[in-house]
Amino acid sequence: MVSVEEVARSFSLYNQETMRDPHSAYDQLRSKCPVAHSDMDDGFYIVTKYDDVAAVTRDTDTFSSREVVIPKTQFGPEFKDRPPVTADPPLHARYRRLLLPAFTQVRAQKWEPTIRKIVQETLEPLRGTTHCDVARVYAKRIPLRFMCALMGVPSEMEDKFTQWAHDCIESIDQDAMLHSVGELGQFLGEQVARRVEQPTDDLISTLMATEVDGWRLEGQDLVALLMVVLLAGLDTTWTVLSSTFLHLATHPEDRRRLVSEPELIPTAVEEALRFYSPVALSRETTRDARVGGVTIPAESMVLLSWPAANRDPDAFPDADKFVVDRAENRHIAFGSGIHRCVGAPIARLELRIALEEWLQVIPEFELEDPDSVTFATGHVWGPRTVRLVYPPA
4 MVSVEEVARS FSLYNQETMR DPHSAYDQLR SKCPVAHSDM DDGFYIVTKY DDVAAVTRDT
64 DTFSSREVVI PKTQFGPEFK DRPPVTADPP LHARYRRLLL PAFTQVRAQK WEPTIRKIVQ
124 ETLEPLRGTT HCDVARVYAK RIPLRFMCAL MGVPSEMEDK FTQWAHDCIE SIDQDAMLHS
184 VGELGQFLGE QVARRVEQPT DDLISTLMAT EVDGWRLEGQ DLVALLMVVL LAGLDTTWTV
244 LSSTFLHLAT HPEDRRRLVS EPELIPTAVE EALRFYSPVA LSRETTRDAR VGGVTIPAES
304 MVLLSWPAAN RDPDAFPDAD KFVVDRAENR HIAFGSGIHR CVGAPIARLE LRIALEEWLQ
364 VIPEFELEDP DSVTFATGHV WGPRTVRLVY PPA
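As C-alpha cells, then:
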C-alpha cells in the first residue's frame, strides 16, 4: 500500500491516473495529512480540509492571488497580473464591483428563456438517437452557446472557444497555452474595438459602458477580464454537467427519483456541485503561514482543493455519499472569500435547465462502457467523455 507521504509527494493535477480518481488521494490526505507537500510541478502545498481552505481564502494578506495556477505560468506582460482573478485587495474590489451588476440573481433570471432555448435546440438533434457522448454533444455545447450569446459573438466560434479553454486551463504545455492566450486575447480585443465604433446589447458593451467611481475598464484590462469570464463560464459548467450525467448513468435510483420528482432537480444540482466540485486553484504565500498546524514558508505555492474540502466529513454528514435530496448544503464549489465566482447564478440556471429538459426527453439512460470515460487534467477536474445509451425518444 502506498504511504500517505508518497501520495502527497507524487500528487499532480496533470497526472492522468491520479485525476481519473483524485478523491482517492484527497481522502487519504484529508484524513492523515490535511496540509501536505507535493514535489511535483515545481513543488506546492495541498490544503484539503473545508475549514482550512475557507480560512486561507479569507486571509488575503498572507495568501495572495497573484499566482493561481500550478506550476507558475509565464504569461506575456500584456496578461500578467490582470484582475480580477489574480488581484488582491484593494484593487480586486473595483473589478468585482464592475462585474457584479451583470451577474446578479435578477439579471440571471432574465437569461432563463435564452438558456432554455439553447438547451432545447441542443437536445433536439438527439431525439430518435440511441447513443451519444453527452459530455461532448450536450454538456459542452450548452455553456459554449450561452457564452456566445452573452458576449454577442457568432455561434460558429464554439469549436475555437473549446480549444482555447482546453489550452488555457487544462494543458501543461506552456507553448500551447501561451499561443491560445494570445489568440483569445487578440479575438476579444477585436470584439472590443468593434464595439467602440458600434456598441451592441451584450456583455462586452455593458462592461465597456459600466463605471465604478468614475472609472471605466478599457484596453488590455478589459480584454483580460473578458478572458476570465469566458474561460470560467465554459469549462466549469461543462464539467459539472458531465459529472452529473455520469453519476445518473451509474446510479439509476437517483436518476429515477429526479424523473419522478423533478422538483428535486435544484437540490440535486447543489449536491452535484458539492460532490463533483471541479475547480482547484492556488495562492502564493507572502510570508510564513500556519495552516492546520503546519508552517508554510513565504513564497510557497498553495493548492486549495475545493473538491476535497467539499467532501470533508467534518463539514458534511455522509460527505462521501451523493445525497440527491441533501437539505443543508454549505458547499464552496464556487470558491469562498472575495474571489467567490460571480457567475454562480447563471451556472446554477444552466445546470438546472439542462437536467430538466434532458430528463423530460430521455428519462432512461446508462453508461455504454465505463472504460471509455476520460477525465480532464489540470485545475478543472471532471469527465470529458461520457458515452450513454438509451431508448429512442
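Counting from 4, one number per residue, gives the positions in the sequence shown under our numbering. Glycine is no exception: its CB is placed at the ideal position from the N, C-alpha and C atoms. In this text, all values refer to a predicted model and were calculated from it rather than measured experimentally.
Take the Cβ of lysine 324 as the centre, count every other Cβ of all protein chains shown within 10 Å, and call the residue buried at 16 or more, exposed below. So lysine 324 counts as exposed.
Coarse secondary structure for aspartate 136, derived from DSSP in three states: DSSP, reduced to helix, strand and coil, places aspartate 136 within a strand of the structure shown.
When you compare the stretch 297-313 with the stretch 367-376, are there three or more beta-carbon pairs, one atom per stretch, that lie closer than 8 angstroms? Contact between the stretch 297-313 and the stretch 367-376 is absent, because fewer than three Cβ pairs lie under 8 angstroms.
Given this structure, state the Cα-to-Cα distance separating arginine 387 from arginine 144, to the nearest angstrom. If you take the alpha carbons of arginine 387 and arginine 144, they lie about 12 angstroms apart.
Among the candidates Leu391, Gly155, Arg33, whose CA atom is the shortest distance from the CA of arginine 197? Nearest option by C-alpha distance: Gly155.
Would you identify the three-state DSSP class for proline 373, choosing helix, strand or coil? Of the three classes helix, strand and coil, the one that applies to proline 373 here is helix, per DSSP.
Taking phenylalanine 47 as part of the beta strand (DSSP E), name the residues at either end of that continuous run. Per DSSP, phenylalanine 47 is one residue of the beta strand (DSSP E) stretching across 47-50.
Give the single residue among His342, Leu244, Leu225 whose Cα lies nearest to the Cα of glycine 385. Measuring from the Cα of glycine 385, the nearest candidate turns out to be Leu244.
Let's see if you can read the secondary structure: which residues bound the alpha helix (DSSP H) around arginine 258? Taken as a continuous stretch (DSSP letters only), the alpha helix (DSSP H) holding arginine 258 covers 255-263.
Under the rule that 16 or more other beta-carbon atoms within 10 Å means buried, what is glycine 381, buried or exposed? With 16 or more other Cβ atoms from the protein chains shown falling within 10 Å of its own Cβ, glycine 381 counts as buried.
Residues that serine 285 bridges to, as DSSP identifies them: Serine 285 is bridged to Leu306.
Where phenylalanine 66 sits in the DSSP three-state scheme: Phenylalanine 66: strand per DSSP, three-state reduction.
Based on Cα-Cα distance, which residue from Leu307, Phe106, Ala168, Phe378 lies nearest to isoleucine 335? For isoleucine 335, the closest C-alpha among the options Leu307, Phe106, Ala168, Phe378 is that of Leu307.
Who pairs with tryptophan 114 in a beta bridge, going by DSSP? Under DSSP, tryptophan 114 takes part in no beta bridge, so it has no partner.
Report the rounded CA-to-CA distance for methionine 43 versus histidine 26, giving the unit in angstroms. C-alpha separation (whole angstroms): 18 angstroms.
Uninterrupted alpha helix (DSSP H) stretches inside the stretch 293-353 (no shorter than 4 residues): Taking only runs of at least 4 residues, the alpha helix (DSSP H) segments lying wholly in the stretch 293-353 are 309-312.
Between phenylalanine 47 and the rest of its own chain, which residues show a CB-CB distance below 6 angstroms, the 5 nearest in sequence each way excluded? If we look at phenylalanine 47 and ignore the five residues flanking it on each side, its Cβ neighbours are Ser41, Ile73, Met304, Leu306.
Name the two residues that bound the continuous beta strand (DSSP E) containing serine 41. For serine 41, the uninterrupted beta strand (DSSP E) run begins and ends at 38-41, by DSSP.
Quick check: what's the CA-CA separation for cysteine 135 versus valine 199? Distance between the alpha carbons of cysteine 135 and valine 199 is about 42 angstroms.
Please look up how many angstroms separate the CB atoms of leucine 206 and leucine 153, rounded, as I've assumed it's under 8 angstroms. For leucine 206 against leucine 153, the beta-carbon gap comes to about 5 angstroms, under 8 angstroms, which counts as contact.
Where phenylalanine 378 falls: helix, strand or coil (DSSP): In the three-state reduction of the DSSP assignment, phenylalanine 378 falls in the strand class, which pools E and B.
Ignore the nearest five residues each way along the sequence and tell me which others in asparagine 18's own chain have a CB closer than 6 angstroms to its CB. The beta carbon of asparagine 18 sits closer than 6 angstroms to none of the beta carbons in its chain outside the five residues before and after it.
Minimum C-alpha distance to glutamine 112 - residue among Glu360, Leu358, Ala350: Per the Cα distances, Ala350.
My assumption, with CB atoms under 8 angstroms, is that valine 272 sits in contact with leucine 358. Please give the rounded CB distance. Right, their Cβ atoms sit about 7 angstroms apart.
Reducing DSSP to helix, strand and coil, say where valine 383 ends up. Under the three-state reduction of DSSP output, valine 383 falls in the strand class.
Within the continuous beta strand (DSSP E) that includes leucine 220, where are the two ends? Unbroken run through leucine 220: none, as it is neither H nor E.
Limits of the unbroken beta strand (DSSP E) element including valine 71: In this chain, valine 71 is not harboured by any beta strand (DSSP E), its DSSP state being neither H nor E.
Verify whether the separation of the beta carbon atoms of aspartate 328 and leucine 267 is less than 8 angstroms. Going by C-beta atoms, aspartate 328 is nearer than 8 angstroms to leucine 267.
Rounded to a whole number of angstroms, what is the C-alpha to C-alpha distance between cysteine 171 and arginine 23? Each residue's alpha carbon lies about 20 angstroms from the other.
Report the partner residues of glutamate 214 according to the DSSP bridge assignment. In the DSSP output, where bridge partners are listed per residue, glutamate 214 has Arg219.
Whose CA, out of Met230, Tyr393, Val184, lies closest to the CA of proline 255? Relative to the Cα of proline 255, the nearest Cα in the group Met230, Tyr393, Val184 belongs to Tyr393.
Helix, strand or coil for arginine 97 per DSSP? Three-state DSSP puts arginine 97 in a helix.
Would methionine 230 be called buried (16 or more neighbouring beta carbons within 10 Å of its own) or exposed? Answer is buried; the Cβ neighbour count reaches 16.
One question on the structure: do serine 339 and glutamate 70 come within less than 8 angstroms of each other, judged by their Cβ atoms? Cβ atoms of serine 339 and glutamate 70: not closer than 8 angstroms.
With DSSP as the reference, label arginine 198 as helix, strand or coil. The three-state reading of DSSP puts arginine 198 in helix, counting H, G and I together.
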